[in-house]
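Undergrad:
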Amino acid sequence: MEEKKFDLNSLIGFILIGGILVYMLYLQQPTPEEIEAEKQKTEQLSKEAEKTEEEVVKDTIGLEEGIQEIVAVQTGDSLAMENLKNRLGSFAYSATLPSAIESTTVIENDVLELHVSNKGGQITLARLKDHTTINGDPIYLIKDGNNSFNLQFTSENRLLNTKDLFFEPKVSTDGENKVLSMRLKASESAYIEYRYELTPGEYMMGFSLKTQGLDGVMNTSQPIYLDWNLKGYRHAKSISYENRYTRLTYEYEGDKHSKLSPSGEDEELEKDVSWMNFRQHFFSSMLLTDTPFDEVALTSVDLVEDEEVDTVFTKQYGAKMLLTAKGGSVDYNMNMYYGPTDYKIFKKYDRNLDEAMPLGWGIFGMINKYIIIPLFGFLSGFLPAGIAIIVLTILIKLVLSPVQYKQYLSQMKMKILKPELDEIREKYKDNKMKIQQETMKLQNIAGANPLKTGCLPALLQIPVFYALFTFFPTAFDLRQKSFLWAEDLSSFDTIAEIPYIPFYGDHISLFPILASIAIFVYMMMTMGQSMQAQQQPGMPNMKFLMYLSPLFMLVFFNNYASGLSLYYLTSNLITIGIMLVIKNFILDEDKIHAKIQENKKKPKKQNRFQRKMAEMMEQAEQQKKAGKRK
Numbered sequence: 001m002e003e004k005k006f007d008l009n010s011l012i013g014f015i016l017i018g019g020i021l022v023y024m025l026y027l028q029q030p031t032p033e034e035i036e037a038e039k040q041k042t043e044q045l046s047k048e049a050e051k052t053e054e055e056v057v058k059d060t061i062g063l064e065e066g067i068q069e070i071v072a073v074q075t076g077d078s079l080a081m082e083n084l085k086n087r088l089g090s091f092a093y094s095a096t097l098p099s100a101i102e103s104t105t106v107i108e109n110d111v112l113e114l115h116v117s118n119k120g121g122q123i124t125l126a127r128l129k130d131h132t133t134i135n136g137d138p139i140y141l142i143k144d145g146n147n148s149f150n151l152q153f154t155s156e157n158r159l160l161n162t163k164d165l166f167f168e169p170k171v172s173t174d175g176e177n178k179v180l181s182m183r184l185k186a187s188e189s190a191y192i193e194y195r196y197e198l199t200p201g202e203y204m205m206g207f208s209l210k211t212q213g214l215d216g217v218m219n220t221s222q223p224i225y226l227d228w229n230l231k232g233y234r235h236a237k238s239i240s241y242e243n244r245y246t247r248l249t250y251e252y253e254g255d256k257h258s259k260l261s262p263s264g265e266d267e268e269l270e271k272d273v274s275w276m277n278f279r280q281h282f283f284s285s286m287l288l289t290d291t292p293f294d295e296v297a298l299t300s301v302d303l304v305e306d307e308e309v310d311t312v313f314t315k316q317y318g319a320k321m322l323l324t325a326k327g328g329s330v331d332y333n334m335n336m337y338y339g340p341t342d343y344k345i346f347k348k349y350d351r352n353l354d355e356a357m358p359l360g361w362g363i364f365g366m367i368n369k370y371i372i373i374p375l376f377g378f379l380s381g382f383l384p385a386g387i388a389i390i391v392l393t394i395l396i397k398l399v400l401s402p403v404q405y406k407q408y409l410s411q412m413k414m415k416i417l418k419p420e421l422d423e424i425r426e427k428y429k430d431n432k433m434k435i436q437q438e439t440m441k442l443q444n445i446a447g448a449n450p451l452k453t454g455c456l457p458a459l460l461q462i463p464v465f466y467a468l469f470t471f472f473p474t475a476f477d478l479r480q481k482s483f484l485w486a487e488d489l490s491s492f493d494t495i496a497e498i499p500y501i502p503f504y505g506d507h508i509s510l511f512p513i514l515a516s517i518a519i520f521v522y523m524m525m526t527m528g529q530s531m532q533a534q535q536q537p538g539m540p541n542m543k544f545l546m547y548l549s550p551l552f553m554l555v556f557f558n559n560y561a562s563g564l565s566l567y568y569l570t571s572n573l574i575t576i577g578i579m580l581v582i583k584n585f586i587l588d589e590d591k592i593h594a595k596i597q598e599n600k601k602k603p604k605k606q607n608r609f610q611r612k613m614a615e616m617m618e619q620a621e622q623q624k625k626a627g628k629r630k
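The following block contains the structure:
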C-alpha cells in the first residue's frame, strides 16, 4: 500500500492559485469613482425616462391644443388668431387655410406610391409596387413615422420648423409627369414650396425647395437647415446579413465618395455634398442636389443588437444640411430616389450613383462594373438566375484555363522530380543551404517553379475571386430568385434549423457544405502532389492549408449569399474536371520526363533574378564555411 506523504509543492501551488484568484477579484471590484459614476448614470437614466414620459404627455397636449387653436382660428376666434401670430408670425396665415388639417395627398406611377402629408409637406409613406419581402409583404421605405424631413429657419425672431406647420397641396400634370406642389404660406404670394414630380416608370423623382416673396419674413442671415432623418426597415430573413450591407454613403467635393461605419455609431461633417444614400442593402433612399450643400452633418446609428431579437429597424440615418440663400431667397433643384439598389438603374442617371454600391475598390470594382455585371445581366436576361450563375462560372473558368494548365504542368514536373529531390535532401542533409541551391538548380533546368504550382495562379485569380465575393451579395438580379432548394440566391440557403452556434449561425446551408467538399477534393489533387514532391524548409504547411480552406468555406459562407456558394461549388467541380482531362488526355508524364532529361543536357540560361538568388546563396554558403574554419 502506497504511503501517503505531505506534498509541500502541491500546497504551495494551491496557495499561489488562491492568491492569484483573490488578487483578480480585488482588481475587478469597482473603485469608489466607478461606483459614483454608475450611481450618477442610473440617476440620469431615471431622469431621462421621466423626461421622456413628460415629453410624450406634453406633445400630446400640445397637439390637441394646436388642433383646437387652428379650429378656433378657422371659426373666426380673434384671440386664437392673435396667439397664433405671436407664435408663428406671418406664417400664422397658413393656419387659416382649409388645408391646415392632418391629411395626405397620394401621387404615384407604375412603380412607386407616395403619400405626402399636409403637415410638414413631407413624405409619410413610400411603397415600391414591384417588390415584396421574403414573406410577400409590400416593401415600404417610409411608413409609420420612420421618416422626418424638416426645414428649420428664423422668421421674425422666431425659430420655426416646417414639420410643425401646414402646407397647402396642389396636384397638376406636366406632360406625362405628375406634379405635387406643397406650399407653406405667409400670404397668397409669399410661401415656401416643396415640389414633387413623378415620371412614369421611374424611382427617381424631381424635387425642389424654394422660397417666394419672403423678404423681411425669412431671416436669411441666420442659418437655414434642411434636416432629414430616416430609420431603415428590415426586409430580409437575416437582419445581421442585411445590416452588413446597410450603410450611409455620399458624394462630396466634386467626385469624392465615402461612407459611414456599418456598425456602432458614426458621424461626419462634410463640405460640398452633392448626394447621400441611406442604403438598406437592396433598397435605397437618396437625396441629390444640383447645387452642393455647403455643409452636411451625417450620422449613422446601428440599431441591430442581436440576430435573435426580432428587430424592426436596421439603422437610423441623419443628414443636417446647411442651405445657402441667394438674393434673399432659397432655391435648390434636387432629386429624391426611393427604389432598388440596382447598378443598372444607378448607372443610367450618370451621377456616380454606382459608387453607393459595395462593388470593391480599384481593379476589383472595375472587374465587376465592366465584366461581371454586364455579362451576368446578359445571361440572366434569358436564363434562370441559378443557370446564369453556372454559365457565368463556365465562361470564367474557360478564360482562366490557360493559367490552370500551366499550374498543373508545373505540378506534374514537380512530381516527376521527386526522386531526384529526395536524393538531394539525403546527400546534403546536414547543409540546408546546399539543399536549396541544388533544388533551385534542378527546378530551373526542368522548368518546374514551385511558385507556378500554387502562389502565382492563386494571385492571378484573386481579383476575380474578390470581385465575385462582392458581386453576389449585392446583385439585385439575384434577390428572391430561387434555384433547387435555395429560395433566394441573394441570401443563404437553409436545409435545417439548429440552435445558434457562434460564428456559424442558427441554420445549416447545403451549398457551402457541397462547395467545401469540392474544394477539399481539388486541394487533394493539387496540394497533395506538391506535398509528395517536396516540403522544403520555409515553405507553407500545405497540409494545414488543405484543411483550412474547406473549413473556412463551411463556416464563413454558411451565412453568405447562396449564389456565391453555388459559384464556388460549380467553379471547383469544373476545375476538377479540367484537371482530369489535362492529366488523362493532354499531358503525358513519360514525355514530360523525357523532356526534362533532355533539358538537363543543355545549358540553362538564368534570368537576372535567378542569378542574383544564386549569388546570394553562394555568398551565404561561403560565409558559413568561413565561420566553421574559425
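Residues 1 to 630 in the UniProt record's numbering are what the sequence shown lists, from first letter to last.
Just so it is clear, CB atoms sit at the ideal spot from N, CA and C, and this is done for glycine as well.
Span of the alpha helix (DSSP H) holding PRO419?
TA: 418-427
Undergrad: Candidates TYR428, LYS369 and GLN461: which alpha carbon is nearest SER401's?
TA: GLN461
Undergrad: Nearest-angstrom Cα distance between SER258 and ILE416?
TA: 53 Å
Undergrad: Whose C-alpha, out of ASP110, LYS119 and LYS85, is nearest the C-alpha of SER99?
TA: LYS119
Undergrad: One question on the structure: do ALA467 and GLY377 come within less than 8 Å of each other, judged by their Cβ atoms?
TA: Note that the C-beta distance between ALA467 and GLY377 is not below 8 Å.
Undergrad: Where TYR547 and ALA518 are concerned, what is the direct C-alpha to C-alpha distance, given to the nearest angstrom?
TA: 12 Å
Undergrad: By Cβ distance, which residues of its chain are closer than 6 Å to SER263, with the 5 residues on each side in sequence left out?
TA: ASP302
Undergrad: In whole angstroms, what separates the C-alpha of LEU288 from that of LEU323?
TA: For the pair LEU288 and LEU323, the Cα-to-Cα distance works out to about 14 Å.
Undergrad: Is the CB-CB distance between ALA561 and LEU478 below 8 Å?
TA: Yes, the Cβ-Cβ distance between ALA561 and LEU478 is below 8 Å.
Undergrad: In three-state terms, what does DSSP make of LEU323?
TA: strand
Undergrad: Between which two residues does the beta strand (DSSP E) harbouring ASN502 extend?
TA: Just to set this straight, residue 502 is Pro in the shown sequence, not Asn. PRO502 -> no beta strand (DSSP E), and no H or E assigned at all.
Undergrad: Hey, how far is the Cα of ILE123 from the Cα of LEU114?
TA: 7 Å
Undergrad: Give every residue of the same chain whose Cβ lies closer than 6 Å to the Cβ of VAL106, excluding the five residues on either side of it in the sequence, and list them in chain order.
TA: HIS115
Undergrad: Assuming PRO463 and ILE396 form a contact by the criterion Cβ under 8 Å, report the distance between their Cβ atoms to the nearest whole angstrom.
TA: Between PRO463 and ILE396, the beta carbon gap of about 12 Å keeps them out of contact (Cβ cut-off 8 Å).
Undergrad: Take THR211 as the anchor and find which of ILE513, SER329 and TYR500 has the nearest alpha-carbon.
TA: THR211 has its Cα closest to that of SER329, out of ILE513, SER329 and TYR500.
Undergrad: Suppose you measure from the CA of GLY121 to the CA of THR162; what does that come to, to the nearest Å?
TA: 8 Å
Undergrad: Apart from the five residues on each side of it in sequence, which residues of its chain come closer than 6 Å, Cβ to Cβ, to GLY365?
TA: LEU359
Undergrad: Can you tell me where the alpha helix (DSSP H) holding THR570 begins and where it ends?
TA: Its alpha helix (DSSP H) spans residues 562-581.
Undergrad: The alpha helix (DSSP H) spanning LEU379 covers which residue range?
TA: Start and end: 373-380.
Undergrad: So, does the stretch 290-301 touch the stretch 266-279, judging by three or more C-beta pairs under 8 Å?
TA: yes
Undergrad: Short check: CB of ALA236 to CB of HIS281, under 8 Å?
TA: Going by C-beta atoms, ALA236 is nearer than 8 Å to HIS281.
Undergrad: When DSSP builds the beta bridges, which residues end up paired with PHE207?
TA: TYR196 and MET334
Undergrad: Within 10 angstroms of its Cβ, does ALA496 collect 16 or more other Cβ (buried), or is it exposed?
TA: Label assigned to ALA496: exposed.
Undergrad: Is the stretch 483-500 touching the stretch 558-577 in the sense that three or more CB pairs, one from each, lie closer than 8 Å?
TA: yes
Undergrad: Should SER172 go down as buried or exposed, given a rule of 16 or more other Cβ atoms within 10 Å for buried?
TA: exposed
Undergrad: Report yes if the CB atom of MET321 is closer than 8 Å to the CB atom of TYR225, and no otherwise.
TA: yes
Undergrad: If you draw a straight line from the alpha carbon of residue 678 to that of THR104, how long is it in whole angstroms?
TA: It is not possible to answer for residue 678, since the shown part of the chain is limited to 1 through 630.
Undergrad: Ordered along the chain, which non-local residues of its own chain (more than five positions away) have a Cβ less than 6 Å from that of ASN219?
TA: THR154
Undergrad: Run through the DSSP bridge pairs and tell me what TRP228 is partnered with.
TA: PHE149 and ALA319
Undergrad: Taking 8 Å as the threshold, find out whether the stretch 132-148 comes into contact with the stretch 189-205 through three or more Cβ pairs.
TA: In short, these stretches do not touch, since the Cβ pair count stays below three.
Undergrad: Where do the ends of the alpha helix (DSSP H) carrying GLU242 lie?
TA: 239-244
Undergrad: Return the chain-ordered list of same chain residues with a C-beta closer than 7 Å to the C-beta of LEU569, the five sequence neighbours on each side being excluded.
TA: PHE511, LEU514, ALA515 and ALA518
Undergrad: Taking DSSP as the reference, what is the three-state secondary structure of ILE142?
TA: If DSSP states are grouped into helix, strand and coil, ILE142 belongs with the strands.
Undergrad: Quick one, which of SER509, ASN277 and GLN404 has its alpha-carbon nearest TRP228's?
TA: The shortest Cα separation from TRP228 among SER509, ASN277 and GLN404 belongs to ASN277.
Undergrad: Quick check on DSSP: helix, strand or coil for MET286?
TA: strand
Undergrad: Could you pull the start and end residues of the beta strand (DSSP E) that PHE278 belongs to?
TA: 265-280
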